[in-house]
Structures are given as C-alpha cells and as structure tokens.
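Asker: Heads up, the sequence shown is in my numbering, so the first residue is 314 and it goes up one at a time. Can you read through this structure? Questions will come right after.
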Amino acid sequence: MARITQLAALCAAIITQGTDAAVTFAVPSKAGDGGHSYAPLDPAPLGISFEFFAFPSYLTNVTATNQCLSNWKDLTGVWPPIRIGGTTQDRASFDASTSAYVVYSVANPADAPMTLTFGPKFMTLAGTYPGSVVVGLNRGKNNIDNTIAAAKVAVSEVKNLYPDYPKDGQPIARGTWNPSVDASSQVDWNIRVGSAVGKNNIIQAGNWNQAPPEWGAAQLIARENATSKPYVRHYAHHNYPGGDVQKLQTHSQTASNVRSMFAADVAAVKQQTGKEYILGETNSVSGGGAANVSPTFGAALWTMDYALRAATTNISRVYFHHGTVGNCQYCFWGRYSMGAPYYGATAAVALTAGARTIAALDDERGNEGVYVTFDGEGRPARVLLYNSEYYAGSGRRGVQVFTLTGLGGGESVRAKRLTAPSSLARADRGDDISFGGQRWTDGTCVVAGEEVFETVGVENGQAAFEVKAAEALLVYL
Ligand SMILES: *[C@@H]1O[C@H](CO)[C@@H](O)[C@H](O)[C@H]1NC(C)=O
Ligand SMILES: *[C@@H]1O[C@H](CO)[C@@H](O)[C@H](O)[C@H]1NC(C)=O
Ligand SMILES: *[C@@H]1O[C@H](CO)[C@@H](O)[C@H](O)[C@H]1NC(C)=O
C-alpha cells in the first residue's frame, strides 16, 4: 500500500513536471494602458564599452568589431553608443608627443598594463566612430593638468567626456576615501575640466562600482552646486552582478536586482536634475568575466533580460564592457570567435529597434519575463517572451506556454526564437546557438543562415507560444 502511494506520488510528480502551467499576459493596446510602468526608449539602448588601453586594438585590429556594431545599426538605424574607459583609464597619461594610439608593455598579452600613455591619435580614432562616444579620462592619478590637456584634444575630436571612479591605491584616493570625499572630488574635477574645455553638458558623472544608495548619483547630486551642475550631461553607475549561470539567468533575480539597486537612484536623478541615468560599464562578472559563466548561453539570456529590465527601469543606456582582447570571458566578440552574449544582446536590440516605449508585463517573481515595446503612435510593436528556467543539457527540458491576449484582429503573428542546446552552450566552442535560425560568423560577425520566422495562429486576439527552458521568443505584432 505504502509503495503504491509512493508510486502514485511519483507519477503525479512526473505528470506535473510534464505539463508546465500556462501563463497569460494581456498586451496593452496602447502605451500607458493597464497599470504597467512604462519607460521611454533610447534609440540605441544597448551600447558597448571598451577597456581604455584595448580600444585602439578593437577598432583597428579586431575585424568583427565594425561588423558586430553595424549589424545593430542595420536593425535600429542608429550606430550603438560606445564608451571607452575602465581600470586602465585611471592608469593612463596623455602624451601629446607620441604618434601612437597607446604605448605600454605587458609581460603576457593576456595582461592589462599597469601604466600606459596615449597620444592625440587615440582621440582622433575615437572621433572616427559614427555613433555617440563617451571617453573616460584620468582622475585617479590626480594630475589635473595632464587630464585637461587630454580633455582639450578629446573635445575637439569626440563628443562626451567623463571621469571614472578611482580605486584604492590611486593617488587621488589616498587617505580617507568615501562617497562624500569622492563626490567633492568629482565636483571639483567637473568644474576644472568643464571650465578648461569651456563646454556645458559634457560630463558623464558618477560611474561608481559600489552599489547605491551608499555610492549613488543621489549622493553626488547632494554635493553639487550651481557651478558644477551645468557641466554634467548624465549620471552613470557601473554594475557586475556575478553569480553562477543558473543564478545569473534567473529572471526574478535580475528583475529584483535592477529594481532594488537602481530604481531609487534613477528616480532621484530624474526628479532632481531631469537628466538621464546610464549603466556606463557593466557585464556579467567583474574582472573580465568568469570562465565558466560569462561565455555561456545562460549569460546571453541574462544580457538580454538585464538590458531590457534596465530600459524598463528608466536607465537610458547600458554599456557592456569589453576587456583585454584574447582574455575576455564576457566579450560579445573577439578576434577569432563570437561570444554567446552577442546573441542575447541582439535579441534585445531587435525588440527595441525603432520603438519609443517599453514596459514589462511580468510581476518579476517567476521565471517568465515579458517585455513589450511600442511604436511612435503608442501601438504595441513586439513582445519578448523569456523562460528563464535553467537547463543544463540533459534530462527533460521544461516548456512554458505563454498565452498572450489583446493581439488584435490578425490571423497570425510571426516570431523569432533565441535558442541553444542548453544554458551552458557556448558560441566560442561551436555550440549551436541561434536567433531566428541565424548565427554570426567567428572572426567576422557576418550573419549566416536563412532568417527563420515561426508563424503562430491568433484566435480572438489570443495566441499560445511555447518557450523551452532557457529560451526566448521575439513576437512581431
Ligand atoms: C520613467 O520616466 C518617466 C518620465 O520620463 C515616467 O513617466 C515613468 O513613470 C518612469 N517609469 C518608471 C518605470 O520609473
Ligand atoms: C594585431 O593583433 C595581432 C594578433 O594578436 C598582433 O600580433 C598584432 O601586433 C596586432 N597589431 C596591432 C597593430 O595591434
Ligand atoms: C561650488 O563649489 C566649488 C568648490 O568645489 C567652488 O569653487 C564654487 O565656488 C562653488 N560654487 C558655488 C556657486 O557655490
């Protein structure tokens, strides 16, 4: 008897597993409806950050760079924004006399230099990029004359400037270094650099790695005064959530992290300054990424979900960091191979392309992420369905049925699938990752394969979509 009960319980468990509950979401017929929170979309909300010393290499000596960026430009009509900076920005000195982009030496090509110089040509190269460019300048060395000399070249060649956060050990951070001392230092730096170049609305301020509210834009704003404020263009923060693949890709985790870490700081910036809030440098795991986490398809799914959650939280742009060429686990591409995260990022770009408004329909608590974008007339344009359940590659793979209502009078909708054999699949190891049936070629970032759209029937404005564990589906309305 006991055995039969056990067996019955086991069967029930198996049956429950085999029939994942359906979830239903109503797509608002226009932006603003349905009690969701809506955010305006930047024309290019996903950007790329290049580590300062590696930037010339990415632009001149990594073939995939231009193509990977222009693939997104083809989708959105806008070149993705780039930012140049990072740890080596605060190790760099300007050398007006060098004709090289950067000068440094390292014992091993996988290393980042401990010190380097850069010449005017560095800024000229940055100025050749057709999209928006943020260039980070040195604050940590506390050599303001050198920084101002670089800033003067930068403003004549490229658009934005901004200081970074000095780490312990930087000359400026000797002695007491806390959010308040740092904020005063930034205010002073912004006035000196801003007035030297004679331009308002030019500095991307903030840029801290440590989380708000201790180190946040709100703390910086509290220290600002009427002299420093006009130089600030936007406020930015850095973020590397970390964790294993499963944790990283889990939607409820990403959604609550973005909200709990940034929503209040974003709101403070909006209310007190009306300026934009940016994630100026971010990626999955700090220090170039984690070898078994950052190059995976699970990290690609995180990239997609995180960028979209940031956008729905009124974070205008997110710059995904790219470090040392050849030693960068989270990079979207390298000299020889593609990285899985490019696939997730491209799905996010495809959802937002040309749209004006974004909203999340999910309640942030489950494995299901649902994002809708709206066009200039406020009509829903596309919906992204994300099943963040982890799948390690063996055993049964769960399927979530997403039912969408409010789809209007058409008979069918088309959809593109972001998929891979498992959460652990890697583009750099040749695993079969695809978006709408397509792949990006190692070394060149040229798209390969036929673009595949699935067609799903709509009845009475309602349709059901199957999304496997660790998959996403982009529905075109
Ligand atoms: C985003 O900012 C807009 C104003 O620009 C505001 O109306 C909206 O409520 C904000 N959304 C969120 C999710 O905070
Ligand atoms: C380009 O990359 C190759 C391969 O790492 C390297 O040998 C070469 O020095 C690089 N050239 C420049 C100009 O950086
Ligand atoms: C703002 O603070 C700076 C010191 O960092 C000071 O030089 C400047 O005069 C102040 N401006 C105003 C309007 O108080």
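In this text, a Cβ means the ideal position worked out from N, Cα and C, and glycines have one as well.
The beta strand (DSSP E) that contains Gly593, what's its start and end?
Answerer: Translated into positions along the sequence shown, residue 593 becomes position 280. Residues Glu589 to Thr595.
Asker: From Glu527 to Ser493, what distance separates their C-alpha atoms?
Answerer: Stepping through the sequence shown from its first residue, residue 527 is reached at position 214. Stepping through the sequence shown from its first residue, residue 493 is reached at position 180. Rounded to whole angstroms, Glu527 to Ser493 spans 9 angstroms at the Cα level.
Asker: For Asn473, I'd like the list of residues in its chain whose CB is within less than 8 angstroms of its CB, leaving aside the five on either flank, ordered along the chain.
Answerer: Counting from 1 along the sequence shown, the entry for residue 473 is found at position 160. Taken in chain order, the residues that qualify are Ser445, Val446, Val447, Val448, Ile515, Ile516, Gln517 and Arg546.
Asker: With distances taken between CB atoms, is the gap from Phe778 to Val765 smaller than 9 angstroms?
Answerer: In the sequence shown, the residue the question calls residue 778 occupies position 465. In the sequence shown, the residue the question calls residue 765 occupies position 452. No, these two residues do not count as a Cβ contact at 9 angstroms.
Asker: So which residues put a beta carbon under 7 angstroms from any heavy atom of ligand 3, going in chain order?
Answerer: Ser497, Val500, Asp501, Ile504, Asn538, Ala539, Thr540 and Ser541
Asker: In this structure, how does DSSP classify His349 when only helix, strand and coil are distinguished?
Answerer: Counting from one through the sequence shown, the residue named residue 349 turns up at place 36. Three-state DSSP puts His349 in coil, outside helix and strand.
Asker: Does DSSP classify Asn459 as helix, strand or coil?
Answerer: Taking the sequence shown and counting its residues from 1, one reaches residue 459 at position 146. In the three-state scheme derived from DSSP, where H, G and I count as helix and E and B as strand, Asn459 is classed as helix.
Asker: Can you tell me which of Ala439, His564 and Ile395 puts its alpha carbon nearest to the alpha carbon of Val415?
Answerer: Within the sequence shown, numbered from 1, the residue matching residue 415 stands at position 102. In terms of CA proximity to Val415, Ala439 leads the group Ala439, His564 and Ile395.
Asker: Would you identify the three-state DSSP class for Ile516, choosing helix, strand or coil?
Answerer: As a working mapping, residue 516 is identified with position 203 in the sequence shown. Correct three-state label for Ile516: strand.
Asker: Report all residues from its chain with a CB closer than 6 angstroms to the CB of Cys381; omit the five preceding and five following residues, and keep chain order.
Answerer: As a working note, residue 381 is residue 68 in the sequence shown. In chain order, Trp646 and Cys758 place their CB closer than 6 angstroms to the CB of Cys381, counting only its own chain and leaving out the 5 sequence neighbours on each side.
Asker: Which value, in whole angstroms, describes the spacing of the CA atoms of Trp753 and Ala535?
Answerer: For this step, residue 753 is matched to residue 440 along the sequence shown. For this step, residue 535 is matched to residue 222 along the sequence shown. Using only the alpha carbons, I get a separation of about 46 angstroms.
Asker: Do you know how far the Cα of Tyr789 is from the Cα of Gly689?
Answerer: Counting from one through the sequence shown, the residue named residue 689 turns up at place 376. Counting from one through the sequence shown, the residue named residue 789 turns up at place 476. Computed Cα separation, rounded: 16 angstroms.
Asker: Identify the continuous beta strand (DSSP E) that holds Leu372 and give its terminal residues.
Answerer: For the purposes of this step, residue 372 is identified with residue 59 of the sequence shown, where counting begins at 1. Note, Leu372: premise wrong, no beta strand (DSSP E); alpha helix (DSSP H) at Phe368 to Asn374.
Asker: Taking 8 angstroms as the cut-off, does the CB of Tyr371 come closer than this to any heavy atom belonging to ligand 1?
Answerer: Locating residue 371 in the sequence shown gives position 58, where the first residue counts as 1. It does not: the Cβ of Tyr371 is nowhere closer than 8 angstroms to a heavy atom of ligand 1.
Asker: Work out the CA separation of Arg730 and Gly600 for me, nearest whole Å.
Answerer: Start at 1 with the first residue of the sequence shown, and residue 600 comes out as number 287. Start at 1 with the first residue of the sequence shown, and residue 730 comes out as number 417. Computed Cα separation, rounded: 31 angstroms.
Asker: If contacts are defined as beta-carbon pairs under 8 angstroms, then Ala539 and Ala653 qualify, I think. What distance do you get, rounded to the angstrom?
Answerer: Within the sequence shown, numbered from 1, the residue matching residue 539 stands at position 226. Within the sequence shown, numbered from 1, the residue matching residue 653 stands at position 340. Rounded, the Cβ-Cβ distance is 48 angstroms, inconsistent with contact.
Asker: Does the distance from the CB of Glu767 to the CB of Asn700 come in under 9 angstroms?
Answerer: For the purposes of this step, residue 767 is taken as residue 454 along the sequence shown, with counting starting at 1. For the purposes of this step, residue 700 is taken as residue 387 along the sequence shown, with counting starting at 1. Contact: no.
Asker: Is Thr732 helix, strand or coil when you go by DSSP?
Answerer: Position 419 of the sequence shown, counted from the start, is the residue given in the question as residue 732. Looking at Thr732 - three-state DSSP - the assignment turns out to be strand.
Asker: Would you give the residue range spanned by the alpha helix (DSSP H) that Thr609 belongs to?
Answerer: Locating residue 609 in the sequence shown gives position 296, where the first residue counts as 1. Element bounds for Thr609: n/a, residue is neither H nor E.
Asker: Can you find the residues in the same chain that come closer than 6 angstroms, C-beta to C-beta, to Pro443, ignoring five residues on each side of it along the sequence?
Answerer: Looking up residue 443 in the sequence shown gives position 130. Closer than 6 angstroms at Cβ, skipping near neighbours: Trp392.
Asker: Do His349 and Ala576 come within 9 angstroms of each other at the CB atom, strictly closer than that value?
Answerer: What you label residue 576 is simply residue 263 of the sequence shown in a count that begins at 1. What you label residue 349 is simply residue 36 of the sequence shown in a count that begins at 1. No, the Cβ-Cβ distance between Ala576 and His349 is not below 9 angstroms.
Asker: Report the option in His634, Tyr590, Met651 and Arg669 whose CA atom is closest to the CA atom of Ser747.
Answerer: For this step, residue 747 is matched to residue 434 along the sequence shown. Among His634, Tyr590, Met651 and Arg669, the Cα nearest to that of Ser747 belongs to Met651.
Asker: Three Cβ pairs or more, each shorter than 8 angstroms: is that satisfied between the stretch 630-646 and the stretch 705-719?
Answerer: no
Asker: Bridge partners of His551, per DSSP?
Answerer: By one-based count along the sequence shown, residue 551 stands at place 238. Partner(s): Glu594.
Asker: Span of the beta strand (DSSP E) holding Arg404?
Answerer: Sequence index remark: in the sequence shown, residue 404 carries index 91 (1-based). That residue, Arg404, is in no beta strand (DSSP E); it is neither H nor E in DSSP.
Asker: Residues in the same chain with beta-carbon distance under 8 angstroms from Lys588, minus the five sequence neighbours each way, listed in chain order, please.
Answerer: Position 275 of the sequence shown holds residue 588. For Lys588, where only same-chain residues beyond five positions count, the Cβ hits under 8 angstroms are Val545, Arg546, His547, Tyr548 and Val582.
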